[in-house]
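Novice:
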Amino acid sequence: MHEISVSVTSLAEFVSRTGNLSSGSFSGVSGIEGTRLHQRIFSDLKKQYGEEMTTEYTLKDTYEYNGLSLLVSGRADVILTNEDHIIEIKSFGSTKDSYAKLVRPEHEAQLQIYAYLYMEQNDLDEVAITLRYVSITTLECYEDTQNITYDEARSIYEHHCTEYLDFAMKLMDYSDSMIRSIRDMKFPYPEIRPGQAKLMKQTLLSLTSKEVLFALAPTGTGKTISTLYPAIKGLLKGRYDKIFYLTAKTATRSVAAKAIDDIRKNGLIIRSILLASKESMCFYKKKCDAKFCKYSDGYYSRLRPALSEALMHDDITPELISSIAMKYCLCPHELSLDVMNYCTIVIGDYNHAFDPRVSLVRAFSEDADLNNTLLIDEAHNMVDRSREMYSASFNLSLLQKMMKQFKGIDAKVESYLQRLDQYFKIVDQSMSVNQSSFKINEEADEQKVLLTERWEGMRQMPKNFYALLWRSVRLLSPILDSLPQGELRETAMEYFFEARFFLTVFEQYFNDSYICSVSKEQGDIRINLTCLDSSDKLDKIIKDKMPVIFFSATLSPYEYYRNVLVGKDADYCRSIELASPFPPENLEILIDTSISTVYKERALNTDRTAKRICDEIINRRGNYMVFFPSFEFMNNVCSRVQKIFDENTKLDNMERKLILQRPNMTKEDKDNFLQCFSEASEGCLLGAAVLGGHFGEGIDLTGDRLSGVIIVGVGLPKITPERQILSNYYSEKFGDGFAFAYRYPGWEKVLQAVGRVIRTEEDTGFALLIDERLDKPEYLMLYPENWKV
Numbered sequence: 002m003h004e005i006s007v008s009v010t011s012l013a014e015f016v017s018r019t020g021n022l023s024s025g026s027f028s029g030v031s032g033i034e035g036t037r038l039h040q041r042i043f044s045d046l047k048k049q050y051g052e053e054m055t056t057e058y059t060l061k062d063t064y065e066y067n068g069l070s071l072l073v074s075g076r077a078d079v080i081l082t083n084e085d086h087i088i089e090i091k092s093f094g095s096t097k098d099s100y101a102k103l104v105r106p107e108h109e110a111q112l113q114i115y116a117y118l119y120m121e122q123n124d125l126d127e128v129a130i131t132l133r134y135v136s137i138t139t140l141e142c143y144e145d146t147q148n149i150t151y152d153e154a155r156s157i158y159e160h161h162c163t164e165y166l167d168f169a170m171k172l173m174d175y176s177d178s179m180i181r182s183i184r185d186m187k188f189p190y191p192e193i194r195p196g197q198a199k200l201m202k203q204t205l206l207s208l209t210s211k212e213v214l215f216a217l218a219p220t221g222t223g224k225t226i227s228t229l230y231p232a233i234k235g236l237l238k239g240r241y242d243k244i245f246y247l248t249a250k251t252a253t254r255s256v257a258a259k260a261i262d263d264i265r266k267n268g269l270i271i272r273s274i275l276l277a278s279k280e281s282m283c284f285y286k287k288k289c290d291a292k293f294c295k296y297s298d299g300y301y302s303r304l305r306p307a308l309s310e311a312l313m314h315d316d317i318t319p320e321l322i323s324s325i326a327m328k329y330c331l332c333p334h335e336l337s338l339d340v341m342n343y344c345t346i347v348i349g350d351y352n353h354a355f356d357p358r359v360s361l362v363r364a365f366s367e368d369a370d371l372n373n374t375l376l377i378d379e380a381h382n383m384v385d386r387s388r389e390m391y392s393a394s395f396n397l398s399l400l401q402k403m404m405k406q407f408k409g410i411d412a413k414v415e416s417y418l419q420r421l422d423q424y425f426k427i428v429d430q431s432m433s434v435n436q437s438s439f440k441i442n443e444e445a446d447e448q449k450v451l452l453t454e455r456w457e458g459m460r461q462m463p464k465n466f467y468a469l470l471w472r473s474v475r476l477l478s479p480i481l482d483s484l485p486q487g488e489l490r491e492t493a494m495e496y497f498f499e500a501r502f503f504l505t506v507f508e509q510y511f512n513d514s515y516i517c518s519v520s521k522e523q524g525d526i527r528i529n530l531t532c533l534d535s536s537d538k539l540d541k542i543i544k545d546k547m548p549v550i551f552f553s554a555t556l557s558p559y560e561y562y563r564n565v566l567v568g569k570d571a572d573y574c575r576s577i578e579l580a581s582p583f584p585p586e587n588l589e590i591l592i593d594t595s596i597s598t599v600y601k602e603r604a605l606n607t608d609r610t611a612k613r614i615c616d617e618i619i620n621r622r623g624n625y626m627v628f629f630p631s632f633e634f635m636n637n638v639c640s641r642v643q644k645i646f647d648e649n650t651k652l653d654n655m656e657r658k659l660i661l662q663r664p665n666m667t668k669e670d671k672d673n674f675l676q677c678f679s680e681a682s683e684g685c686l687l688g689a690a691v692l693g694g695h696f697g698e699g700i701d702l703t704g705d706r707l708s709g710v711i712i713v714g715v716g717l718p719k720i721t722p723e724r725q726i727l728s729n730y731y732s733e734k735f736g737d738g739f740a741f742a743y744r745y746p747g748w749e750k751v752l753q754a755v756g757r758v759i760r761t762e763e764d765t766g767f768a769l770l771i772d773e774r775l776d777k778p779e780y781l782m783l784y785p786e787n788w789k790v
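Our numbering puts the sequence shown at residues 2 to 790.
1. Can you tell me whether residue 160 is buried or exposed, with buried defined as 16 or more other CB within 10 angstroms of its CB?
2. Could you give the residue range of the beta strand (DSSP E) that holds residue 745?
3. Classify residue 604 as helix, strand or coil using the three-state DSSP reduction.
4. For a test of the three-state rule: what should DSSP assign to residue 456, helix, strand or coil?
5. Give the straight-line distance between the Cα atoms of residue 379 and residue 693, rounded to the nearest whole angstrom.
6. For residue 24, which residues of its own chain have a beta-carbon under 8 Å away from its beta-carbon, when the five flanking residues on both sides are left out?
7. Using 10 angstroms around the beta-carbon of residue 268, count the other beta-carbons present and answer buried if the total reaches 16, otherwise exposed.
8. Under the assumption that residue 249 contacts residue 351 (Cβ atoms under 8 Å), give the Cβ distance between them as a whole number of angstroms.
9. Does DSSP put residue 24 in a helix, a strand or coil?
10. The beta strand (DSSP E) spanning residue 67 covers which residue range?
11. Hey, which unbroken runs of the beta strand (DSSP E) at 3 residues or more fall wholly within the segment 114-184?
12. Below 8 Å on the Cβ atoms is my contact criterion, and I expect residue 115 with residue 144 to pass it. Report the Cβ-Cβ distance as a whole number of Å.
13. Compute the minimum distance between the beta carbon of residue 349 and the heavy atoms of the ligand HEM, and state whether it is under 7 Å.
14. Would you tell me roughly how many angstroms separate the C-alpha atoms of residue 1 and residue 461, rounded to the nearest one?
15. Could you work out which residue in 557, 210 and 774 is closest to residue 599 when comparing CA atoms only?
16. Could you name the residues of the same chain whose beta carbon sits closer than 6 Å to that of residue 75, not counting the 5 residues immediately before and after it, in chain order?
17. What's the C-alpha gap between residue 1 and residue 437?
18. For residue 184, count neighbouring C-beta atoms within 10 Å of its own C-beta (all shown protein chains included) and say buried if the count is 16 or more, exposed if not.
19. Determine the burial state of residue 479: buried for a count of at least 16 other Cβ atoms within 10 Å of its Cβ, exposed for fewer.
20. Could you check whether the segment 546-564 touches the segment 207-215, counting it as contact only if at least three pairs of C-beta atoms, one from each stretch, sit closer than 8 Å?
21. Please classify residue 537: does DSSP put it in a helix, a strand, or coil?
22. Can you tell me whether DSSP reads residue 496 as helix, strand or coil?
23. At what residue ranges does the segment 672-735 contain a whole run of the beta strand (DSSP E), taking only runs of 3 or more?
24. Assuming residue 555 contacts residue 381 (C-beta within less than 8 Å), just tell me the rounded distance between them.
25. Which residues bound the alpha helix (DSSP H) around residue 334?
26. For residue 78, does the three-state DSSP call read helix, strand or coil?
27. Roughly how far, in whole angstroms, is the beta-carbon of residue 219 from the beta-carbon of residue 579, given that I think they are within contact range, below 8 Å?
28. Mind reading off the beta-carbon distance from residue 260 to residue 225? Whole number of angstroms is fine, and I expect it under 8 Å.
29. Looking at the strands, I want to know which residues DSSP matches up with residue 62.
30. Excluding sequence positions up to five away, which residues of its chain have a Cβ less than 6 Å from the Cβ of residue 772?
31. Can you name, in chain order, every residue of its own chain whose Cβ lies under 6 Å from the Cβ of residue 29, other than the five neighbours on each side?
32. Taking Cβ to Cβ, would you say residue 66 is nearer than 8 Å to residue 73?
33. Take residue 333 as the anchor and find which of 540, 317 and 345 has the nearest alpha-carbon.
34. Between residue 569 and residue 443, what straight-line distance do the alpha-carbon atoms span, to the nearest angstrom?
35. Taking the alpha helix (DSSP H) that residue 381 falls in, what are its first and last residues?
36. With DSSP as the reference, label residue 403 as helix, strand or coil.
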């Protein structure tokens, strides 16, 4: 007999949830605030009822139906054992002032199911049930108490179970077909490339052992199919139920989708979904506001048929979701998330698993009853991305916009907006005379404040600022629902969510791996909570919960990536390094250490750098790219390169063309730049770009479309106060802060740029690296084994 587990909450929501997508009534309570609220409520109830009260009372039952066994479990908020009375508590943040306005069918059903389970466990004929709604701002209660008999509760319970299992049976039938097809699944391509067999074997071993594997897989390994194929095979082991393939780029997600489709052509039955961003899918095309969006109005009342139609497909794309969502007048983004629950493979972005703002709570929260595995492509990007995910900021311009829009709306909210504005004024005045605003506003120890002309930072938490911001959000929350549609509401919503995330980062994550800073730019002042080290956050998500494969062509050195992504004490990690599948002689590596590219010497070496670039390519035909450490240096050198090109073209009539990357290029601009490389040039084409930018990673210029690259410098990030603090932080933690903050991140950019040259077995070309530091031991140790220098 098949066994299925479901929580009481999920069971009630699946069958009884109707109405709008979200009204805001039950949102807006942070995790910590919600915990505090429940503790306060439980404390008050304890005073009222004493020892007869039991909280978080565990209830379980098994319901059998048509050969399926449904394991139902949950925890009732409060049981008054002497009175056989069950109380379920829901918090809300709106201005609704009656039980009738607050009550929702799924809440009633949840309580009624608890009643049945309690009566079944305790052999009772009747219990009292109370559904209580508590305001997060005033603690006012709105409740309704009824008596329910065993037979009434059993009827409701059985209805929910049979409805759920009827749907589950279809899923089980599909799952059985999927498992049979996986057993018969064959590798979709004629041959397995060198390195693929090793990567597939090690991937399967790590996934079924709940390990974290760091895999350095050079270009050409076929890392997408080499991780997806064993991950699908691993489903047979029963160690995980769902595969998340996560990457930073849309193009890479398309490659993963194609790989799955290639396996399907060989008979695989598996349901996958490609997630797109909320903004790209939105029909409303304005800031998301469920209250005034017709696609969220009545969402749950129309969801079931849309869900059934979507699940008729195996390959679920954003286009398919949009089509079904339009047909049933549903929010396409929310529909994609609801459909995702029933897909075995999910292709998405890193933030779907790790970003606290947008992570898929239904899959990655601590309460989620799912066994996931993560395949993280181009994992070198996770270092900066994960730091950004756990950082927050709040700026003066948004506050002033809010003050202007909110004038005369609510006196209490206005008073705290004004106090926040005063806080910013002190910051501005202090920075104008090069004094610490933290010392004045936060009474910080001046010894612990780093101060520059337009930036100051400290390792302490900004408690005074937090208190003011917290109070403004607390007072704003209950009136958000009542604000009319328009600019006022949009501004208030933006303020609320930006401020609330700042508070969340402060409450849940801020520790000694953070820096609090104030920065001033173009008249706007910003208070930042910058995450220096996200490894503890990622470790908490991953450790003992799910196997993960981090893979990339530039995931070296291993110790660096392990330390910054999951921490030096993560003993559940291991690594493999695969050899390049391409003959080493296909790529000629040239090293020139005669020119210094350090910032203070760039102006002196502009002409020498231009000459060295031209010496290498001036008489070559074909397409080439040169990468620079900055736009300024690129522009200075390339103006000289252009003169040399012109002079030589006059002598030999060979066409030489120079194109430059510009700051803030649009997608059309980038496409036009790459279009110049669509075929081999009869003359000499040189594209100049910034190292670590759009053209230094993730572009495929195969064959004669690119014959060589020149890399000027070693890619060190720009020196900033934040980067210096990062260096100091890692010096304290690992001893070599410069390597962690500058050398390793820079070298990753160099390796990515070199990786543009050889994309297939037939490609040949060269990479010229120019910098006097390249023959130093700290760089020689970073050279890949396949480089023949």
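Each residue gets a CB set at the ideal place from its N, CA and C atoms; glycine is no exception.
Specialist: In brief:
1. Counting Cβ neighbours within 10 Å, residue 160 comes out exposed, since fewer than 16 surround it.
2. Boundaries around residue 745 are those of the alpha helix (DSSP H), 745-755, since no beta strand (DSSP E) includes it.
3. It is coil, neither helix nor strand.
4. Strand, per DSSP.
5. Using only the alpha carbons, I get a separation of about 14 Å.
6. Its pLDDT being 48, under 50, residue 24 is placed unreliably by the model, and the measurement read from it follows with that caveat. The residues are 95, 291, 292 and 482.
7. Under the 10 Å beta carbon count, residue 268 is surrounded by fewer than 16 other beta carbons and is classified as exposed.
8. The Cβ separation is near 6 Å, so the contact holds.
9. In this prediction, residue 24 has a pLDDT of 48, which is less than 50 and means its spatial position is unreliable; nothing more can be read from the coordinates.
10. Run containing residue 67: none; DSSP gives neither H nor E here.
11. If you keep only unbroken beta strand (DSSP E) runs of at least 3 residues inside the segment 114-184, you get 127-136 and 142-150.
12. Going by Cβ atoms, the distance from residue 115 to residue 144 rounds to 15 Å, so no, they are not a contact pair.
13. Only the bare structure without any ligand can be found here, which leaves the ligand HEM out of the picture.
14. Missing from the structure shown is residue 1; the chain here goes from 2 to 790 and no further.
15. Answer by Cα proximity: 774.
16. Closer than 6 Å at the Cβ level, and outside the excluded window around residue 75, lie 8, 9 and 60.
17. No answer is possible for residue 1: it lies beyond the span of the chain, which begins at 2 and ends at 790.
18. That one is exposed.
19. Around the beta-carbon of residue 479, 16 or more other beta-carbon atoms lie within 10 Å, marking it buried.
20. Judged by pairs of C-beta atoms under 8 Å, the segment 546-564 touches the segment 207-215, as three or more such pairs exist.
21. Correct three-state label for residue 537: helix.
22. In the structure shown, residue 496 sits in a helix (DSSP, three-state: H, G or I).
23. Taking 3 residues as the shortest admissible run, the segment 672-735 contains the following complete beta strand (DSSP E) segments, listed from N- to C-terminal end: 685-691 and 709-713.
24. Residue 381 and residue 555 do touch by the CB rule: their CB atoms are close to 5 Å apart, below 8 Å.
25. It spans 333-341 - the alpha helix (DSSP H) in which residue 334 sits, taken as one unbroken run.
26. Three-state result, residue 78: strand.
27. Contact holds; Cβ gap of about 6 Å.
28. Confirmed, Cβ separation roughly 5 Å.
29. Residue pairing for residue 62: DSSP places it in a beta bridge opposite 73.
30. Counting only Cβ-Cβ distances below 6 Å, and skipping sequence neighbours, we find 598, 714 and 715.
31. Only weak support is given to the placement of residue 29: the predicted model assigns it a pLDDT of 48, under 50, and the value that follows is read from those uncertain coordinates. Residues of the same chain with a CB within less than 6 Å of the CB of residue 29, apart from the 5 flanking positions on each side, are 94 and 478 in chain order.
32. Contact check for residue 66 against residue 73 fails: the beta carbons are separated by 8 Å or more.
33. Looking at the Cα atoms, 317 is the closest of the given residues.
34. Cα-Cα distance, rounded: 33 Å.
35. Where residue 381 is concerned, there is no enclosing alpha helix (DSSP H), given that its DSSP letter is neither H nor E.
36. Residue 403 falls in the helix class under three-state DSSP.
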